[in-house]
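Participant: In our numbering, the protein residues as written are 10 to 318.
Glycine is no exception: its CB is placed at the ideal position from the N, C-alpha and C atoms.
(1) Going by other Cβ atoms of all chains shown within 10 Å of its Cβ, with 16 needed for buried, is residue 151 buried or exposed?
(2) With burial defined as no fewer than 16 other Cβ atoms inside 10 Å of the residue's Cβ, what is the status of residue 181: buried or exposed?
(3) Using a Cβ-Cβ cut-off of 8 angstroms (strictly less than) and excluding sequence neighbours within five positions of residue 197, which residues of its own chain qualify?
(4) Expressed to the nearest angstrom, what Euclidean distance is found between the alpha-carbon atoms of residue 296 and residue 90?
(5) Check whether the stretch 59-67 touches the stretch 92-107, taking contact to mean three or more Cβ pairs, one atom from each stretch, closer than 8 angstroms.
(6) Given this structure, state the Cα-to-Cα distance separating residue 127 from residue 70, to the nearest angstrom.
(7) Taking residue 187 and residue 211 to be in contact with their CB atoms under 8 angstroms, please state how far apart those CB atoms are, rounded to whole angstroms.
(8) Residue 217: buried (16+ other C-beta within 10 angstroms of its C-beta) or exposed?
(9) Taking the alpha carbon of residue 110 as the reference point, which residue from 316, 120 and 34 has its own alpha carbon closest?
(10) Are residue 264 and residue 240 close, meaning C-beta to C-beta below 8 angstroms?
(11) With distances taken Cα to Cα, identify the nearest neighbour of residue 96 among 253, 302, 205 and 39.
(12) Tell me which same chain residues have a C-beta within less than 7 angstroms of the C-beta of residue 165, skipping the five on either side of it?
(13) What is the DSSP secondary structure of residue 38, reduced to helix, strand or coil?
(14) Who are the Cβ neighbours of residue 82 in its own chain at under 8 angstroms, not counting the five residues just before and after it?
(15) Can you grab the Cα-Cα spacing for the pair residue 314 / residue 258, in whole Å?
(16) Using DSSP with H/G/I as helix, E/B as strand and the rest coil, what is residue 244?
(17) Could you check how far apart the C-beta atoms of residue 185 and residue 122 are, in whole angstroms? I think they sit under 8 angstroms.
(18) According to DSSP, simplified to helix, strand and coil, what is residue 135?
(19) Considering only C-alpha positions, which residue in the set 284, 309 and 77 is nearest to residue 119?
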């Protein structure tokens, strides 16, 4: 009897372990396509699109929400992320439940019905669309998006259906549900310089701030090219200072392993709520800021790439 009980317990443990392994594998497979999709096509993102592969016809649109397993979310706040910024689950407001990434079976983009934009086209381009209109079920809608510091992405989608919801923030508004062709997602890196992915903590502060005005904030350097570094603000302990393009900032990087500290002055060249791209201009040497030379850039990149926490 004891052997039977222990055998059943072992079988249950084995099944539970296998189920967890399967869930982890599904989660990783899903994240492979989900990460770039929601990074380049986030809710609220302004996009451009071409109907039915007609590249000469370009309209503006934006993502109003996602349809996940036939449930709708309308805010980026409904996406729960881990410390690395990866999506973990989605909060479904209608049912007040959380859908784990490993449970995703169906993922679609929701955009407004912009059929009225066709009226602004000249006769020849309207004729290219034809009488069928652009949002007929089965039509292709090619989306183009860009992300600060990462380039541009293109994605072909298929019109799944036109809907008018009864409730929610877009109730009684005609919306279009698009099914993405994940194989068609292509990211074009628009930066001329090669970049190296890294993960190095950094302290950022506005240049010239006075003591007591603002506290320096912590972020993470996620990649570096020959002339710029990209800082992710999503993982920051505190919100980074309000900065705009062309603002001067000071970065402090402590390389504990090498017992070195870099104090770098730079210029903000791109900024979004989550990303700040800074062109490195000069670094502190013997108490003064001096311009970066080619060798200095290479040395900084080498040290950051070999940073060990």
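Facilitator: The short version:
(1) With 16 or more other Cβ atoms inside 10 Å of its own Cβ, residue 151 counts as buried.
(2) Exposed is the call here.
(3) For residue 197, where only same-chain residues beyond five positions count, the Cβ hits under 8 angstroms are 160, 161, 162 and 163.
(4) Those two C-alpha atoms are separated by around 41 angstroms.
(5) A contact is defined here as three or more CB-CB pairs under 8 angstroms, and the stretch 59-67 fails this definition with respect to the stretch 92-107.
(6) Their Cα atoms are separated by approximately 13 angstroms.
(7) In fact, because the Cβ distance is near 38 angstroms, the residues do not count as touching under 8 angstroms.
(8) It is exposed - the Cβ of residue 217 has fewer than 16 other Cβ atoms within 10 Å.
(9) Selected option, being the one with the closest Cα: 34.
(10) No, the pair does not count as a contact, with Cβ atoms beyond the cut-off.
(11) Distance check between residue 96 and each of 253, 302, 205 and 39 places 39 closest, using alpha-carbon atoms only.
(12) Excluding residues within five positions, the ones whose Cβ falls inside 7 angstroms are 149, 151, 190 and 193.
(13) Correct three-state label for residue 38: helix.
(14) Its chain contains 52, 74, 75, 88, 99, 100, 101 and 102 as the residues whose beta carbon lies nearer than 8 angstroms to that of residue 82, once the 5 sequence neighbours on both sides are disregarded; these appear in chain order.
(15) Cα to Cα, residue 314 sits roughly 22 angstroms from residue 258.
(16) Only weak support exists for where residue 244 lies, its pLDDT of 49 falling under 50; the value from the coordinates is given anyway. Of the three classes helix, strand and coil, the one that applies to residue 244 here is coil, per DSSP.
(17) That belief holds up - the Cβ atoms of residue 185 and residue 122 are roughly 5 angstroms apart, short of 8 angstroms.
(18) It is helical.
(19) For the set 284, 309 and 77, the Cα lying nearest the Cα of residue 119 is the one of 77.
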